[in-house]
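Here is the structure we will look at, set down as structure tokens.
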């Protein structure tokens, strides 16, 4: 009886989540996400496909592919539970898992402070990043190209080897035409 109580106390005193090395975290991610190479399993697990392929809006090219978000995992820093899976689509219904993304909302909602920046795999998350879509908040983000090599780096946001096919990207808002300059008043007739 005393032995059982001692074991119980010892087990109860252990940390709930031991700190893992980046290599152990990567291994856990690989093991947990390998099943999502089957796109149907990702959808069944609550990952919702975006209808658009996301390209790099800045210099450098590349893309994310089609993000599949599971908003029940927003805020996750668990290496086994990414917020989003990043897929390449061929337009014929075939999906190939390329990368993963974790997103954490910034505590104070400001882009000029970063005292709550999370990290995973020994990497700090990027951000705080401004909201870009309706409903999105200021957030931190970390990408991991575990299933498709990224020549720019394993943790870079965009992968130059991921390509969005023509007509698959989110339409850009039309830029309104500049208003025409007011017409000059008619010249006064000579007197």
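In my numbering, the protein residues as written are 15 to 205. All C-beta atoms, glycine included, are put in the ideal place defined by N, C-alpha and C.
*Can you tell me where the beta strand (DSSP E) with residue 85 in it begins and where it stops?*
Taking the chain shown and counting its residues from 1, one reaches residue 85 at position 71. Here residue 85 belongs to no beta strand (DSSP E), and DSSP marks it neither H nor E.
_Taking the beta carbon of residue 185 as the centre, do at least 16 other beta carbons fall within 10 Å, making it buried, or is it exposed?_
As a first step, residue 185 must be located in the chain shown, where it is residue number 171. Residue 185 should be labelled exposed.
*Label residue 180 either buried or exposed according to how many other C-beta atoms from any shown protein chain fall within 10 Å of its C-beta, with 16 as the threshold for buried.*
On the chain shown, residue 180 is found 166 positions in, with the first residue counted as 1. Looking at its Cβ environment, which holds fewer than 16 other Cβ atoms inside 10 Å, residue 180 is exposed.
*When the distance is taken between beta carbons, is residue 137 closer than 8 Å to residue 1?*
For the chain, the structure presents residues 15 to 205; residue 1 sits outside this window and is missing.
_contact_flag[the segment 40-48, the segment 144-156] where n(CB pairs < 8 Å) is 3 or more_ = no
*From residue 64 to residue 163, what distance separates their C-alpha atoms?*
Within the chain shown, numbered from 1, the residue matching residue 64 stands at position 50. Within the chain shown, numbered from 1, the residue matching residue 163 stands at position 149. Each residue's alpha carbon lies about 22 Å from the other.
*asked:* Quick check on residue 97: buried or exposed, where buried means 16 or more other Cβ atoms within 10 Å of its Cβ?
replied: Against the chain shown, residue 97 aligns to sequence position 83. Counting Cβ neighbours within 10 Å, residue 97 comes out buried, since at least 16 surround it.
*asked:* Here's the rule I'm using: 16 or more other beta-carbon atoms within 10 Å means buried, otherwise exposed. How should residue 150 be labelled?
replied: As a first step, residue 150 is located in the chain shown; it is residue number 136 there, counting from the start. Residue 150 is exposed by the Cβ-count criterion.
*Starting from the N-terminal side, write out each stretch of the alpha helix (DSSP H) that is 4 residues or longer and does not extend beyond the segment 36-61.*
36-47 and 53-58
_Please return the same chain residues whose Cβ sits closer than 6 Å to the Cβ of residue 22, not counting the five positions on each side in sequence._
Counting from 1 along the chain shown, the entry for residue 22 is found at position 8. Summary for residue 22: the model assigns pLDDT 35, below 50, so the residue's position carries little reliability; its value from the coordinates is reported in the next sentence. Excluding positions up to five away in sequence, the list is empty.
*Per DSSP, which one or two residues make a beta bridge with residue 154?*
Indexing the chain shown from 1 puts residue 154 at position 140. DSSP lists 118 as partners of residue 154.
_By the three-class DSSP mapping on this structure, what secondary structure does residue 161 have?_
Looking up residue 161 in the chain shown gives position 147. Coil.
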